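To keep things clear, I will list the structure first and then write my remarks on it.
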Amino acid sequence: MYTFSNKLKTFSIILMVLGLLGVGYGFMTSHKSLDEVKTMLAEEASHHGGGHGEEATHVVADAHDTHGEATHGEEVHAEDAHHGDAHAEHVQHQMANRPWSALYVGAFFFMMIGLGVLAFYAIQIASQAGWSPVLFRVMEAITAYVLPGALIVLAIAIASGTIGHYNIFIWMDPEVVAHDELIQGKSGWLNLPMFAVRGLVFIAGWALYRHFARKFSIAQDNAKYNTNFKKSFRIAAAFLVFFIYSESMMSWDWVMSVDPHWFSTLFGWYVFASMFVSGITVIALMSIYLKSRGYLEFVNENHLHDVAKFMFAISIFWTYLWFSQFMLIWYSNIPEEVTYFISRINDYKLPFFGMVALNFIFPVLLLMNADFKRVPWFVVMTGIVILFGHYIDIFNMIMPATVGDRWFIGIPEIGSILLFGGLFIFVVFTALTKAPLLAKGYPLIKESEDFHY
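Mind the numbering: the sequence shown is residues 5 to 457 in our numbering, read in order.
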């Protein structure tokens with residue numbers, strides 16, 4: 005039985021406190037007055053050349069100039085001032101969106117880790133895999149975060165359109181919808197009540213499966229017959245059908261709809277690949293940590309090798325989906341589709357192409373060799389890079405639609421990572437203490453303990 009050490013518990017609480025401070029700082033400093041934004045834009049323009057700086061200064065000055073006669077030149081300046089006001093208001097809104105978006109990205113990232121592990125766990129049971137049962141309790145602990153994590157994501161999404169000022173999803177803004185025929189055409193799906201209902205249905209399905217899978221797993225430990233094992237098998241098969249539909253629709257609602265004019269038929273699979281490899285990576289990291297602390301003595305290098313193989317394989321799968329989505333849209337060059345990637349290449353060049361190196365080139369080069377997959381510190385190093393890369397992946401999905409070119413990985417983003425990272429550690433390791441670390445009653449546990457590759 006695992007004991008949640010006071011040091012780790014304290015560490016997770018410190019992370020949450022620091023995260024709350026960072027998130028709070030982000031919200032407090034994100035609200036700028038229109039004059040402050042205009043001054044900031046004028047200073048930014050002056051750094052990019054005198055002409056732009058003078059033009060921006062004239063716009064700022066003209067916006068406040070109420071003296072003089074209405075000459076033709078002043079009318080032109082008035083038009084420029086109006087345009088400057090509109091641009092400044094747009095930038096002001098983008099800056100106000102940043103802490104909301106940072107919070108949402110952090111919440112979604114840790115939620116998707118739990119959800120990816122839940123799918124991986126169900127696949128292991130449905131396929132009756134013989135190598136992985138020694139890791140079941142680690143998987144079950146990680147999936148404990150699905151319910152609170154998903155509820156937090158949904159709460160932030162809804163709050164951004166009610167408490168906030170439509171900071172993440174512009175289709176929640178009635179004024180935008182009133183002047184946008186494309187969004188009006190999707191309003192049967194993209195409306196707040198149905199968004200909330202669908203979200204609750206998804207979460208209920210995931211949480212119910214996790215509850216009964218965990219219940220049957222623990223009950224099987226001391227059972228004389230395989231009744232609970234058979235129940236686990238049946239609900240795992242049923243859950244995977246529900247999961248593939250709910251995960252796709254969740255990715256449309258919670259991620260893709262931040263760009264309501266754009267869609268991709270591959271998007272559900274693309275998000276799935278990201279959550280799947282992130283979840284598998286956390287299984288590896290957590291197993292290595294526990295083994296280093298004297299737990300999981302029944303886990304050997306062969307189990308680590310197989311988990312690392314999945315990290316390697318799903319990284320390639322993610323890259324296949326990324327390239328398929330990018331290449332087809334870019335080559336077809338249809339304006340309403342390609343604009344999604346143009347905005348990311350123009351304003352997010354480093355994170356957009358950097359994540360390809362982090363999520364494909366780095367793990368492939370490091371994990372291609374079979375021997376390296378058995379070296380714990382090597383897997384840990386690769387895993388950290390993979391997790392960072394997939395955080396950037398989610399960052400690239402959300403931020404261009406909400407903050408435009410006003411992005412930066414600073415205190416709000418780091419604070420959100422610390423907040424939800426600390427909560428994730430607290431929930432997962434607390435769940436780990438609730439049952440023995442070995443699912444001793446599982447029919448394939450002996451095969452798993454003796455597994456050699």
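Cβ atoms here follow ideal geometry from the backbone N, Cα and C, with glycine treated the same way.
From a predicted model like this one, the values you see are computed outputs, not experimental measurements.
| Check | Outcome |
| --- | --- |
| Can at least three beta-carbon pairs, one atom from the segment 397-412 and one from the segment 335-343, be found at a separation below 8 Å? | no |
| Let me make sure I understand the geometry here. Which of K295, N101, E179 has the alpha-carbon closest to that of M512? | Examination of residue 512 is not possible in this model, given that the chain is present from 5 through 457 alone. |
| Alpha carbon to alpha carbon, how far is H35 from M99? | 7 Å |
| Please state whether the Cβ-Cβ distance between F124 and I284 is less than 9 Å. | yes |
| Taking the beta carbon of Q132 as the centre, do at least 16 other beta carbons fall within 10 Å, making it buried, or is it exposed? | exposed |
| Mapping the DSSP letters down to three states, classify H68 as helix, strand or coil. | Any reading at H68 needs caution, since the residue's pLDDT is 44, under 50, leaving its predicted position unreliable; the model's value is listed next. The answer is helix: DSSP assigns H68 an H, G or I state. |
| Tell me which residue opens and which closes the alpha helix (DSSP H) that W334 is part of. | 305-336 |
| Along the chain, where does the alpha helix (DSSP H) containing F237 start, and where does it finish? | 231-258 |
| Distance, Cα to Cα, R410 vs L354? | 14 Å |
| Taking the alpha carbon of N373 as the reference point, which residue from H309, E47, P178 has its own alpha carbon closest? | H309 |
| In angstroms with no decimal places, state the Cα-to-Cα distance between G393 and L371. | 16 Å |
| So for P339, helix, strand or coil by DSSP? | helix |
| Just confirm the distance between the C-beta atoms of L158 and A92, as a whole number of angstroms; I'd bet it's less than 8 Å. | Not confirmed; about 33 Å, so no contact. |
| If I measure Cβ to Cβ from G209 and keep anything under 7 Å in the same chain, skipping five residues before and after, which residues do I get? | F246, S250 |
| Just tell me which of F433, A161, Y213, M279 has its CA closest to the CA of A130. | Y213 |
| Tell me which residues share the same chain as F366 and place their Cβ nearer than 6 Å to its Cβ, disregarding the 5 neighbours each side in the sequence. | V389 |
| With DSSP run on the structure shown, which of helix, strand or coil describes S37? | coil |
| For G110, is the classification buried or exposed, using 16 other Cβ atoms within 10 angstroms of its Cβ as the cut-off for buried? | buried |
| Can you tell me which of G120, L204, D184 puts its alpha carbon nearest to the alpha carbon of A161? | L204 |
| Please report the distance separating the alpha-carbon of Y274 from that of I318. | 11 Å |
| Considering only residues of the segment 344-431, which uninterrupted alpha helix (DSSP H) runs meet the minimum length of 4 residues and lie entirely inside it, listed in chain order? | 353-360, 366-371, 380-406 |
| Give the DSSP-derived three-state secondary structure of F156 in the structure shown. | The residue asked about is misnamed: residue 156 is Ile in this sequence, not Phe. Correct three-state label for I156: helix. |
| What residue range is occupied by the uninterrupted alpha helix (DSSP H) comprising A443? | Where A443 is concerned, there is no enclosing alpha helix (DSSP H), given that its DSSP letter is neither H nor E. |
| With DSSP collapsed to three states, give me the class of N10. | helix |
| So what's A1 in DSSP terms, helix, strand or just coil? | Given a span of 5 to 457 for the chain in the structure shown, any question on residue 1 remains unanswerable. |
| I need the boundaries of the alpha helix (DSSP H) containing T147, first residue and last residue. | 140-147 |
| If we count the other Cβ atoms within 10 Å of its Cβ and call it buried at 16 or more, is Y6 buried or exposed? | buried |
| Given a threshold of 16 other Cβ atoms within 10 Å of its Cβ, counted over all protein chains shown, does Y229 qualify as buried or as exposed? | exposed |
| Using only the alpha-carbon positions, how far apart do P447 and A439 sit? | 18 Å |
| Looking only at its own chain, which residues have a Cβ that is under 7 Å from the Cβ of F382, when we skip the five neighbours before and after it? | L370, F376 |
| Over what stretch of residues does the alpha helix (DSSP H) that includes F280 continue unbroken? | 271-296 |
| Go to G189, then tell me how far its alpha helix (DSSP H) extends in each direction, as first and last residue. | 185-189 |
| Out of curiosity, what's the CA-to-CA distance linking I415 and V21? | 13 Å |
| Terminal residues of the continuous alpha helix (DSSP H) containing A182? | 178-182 |
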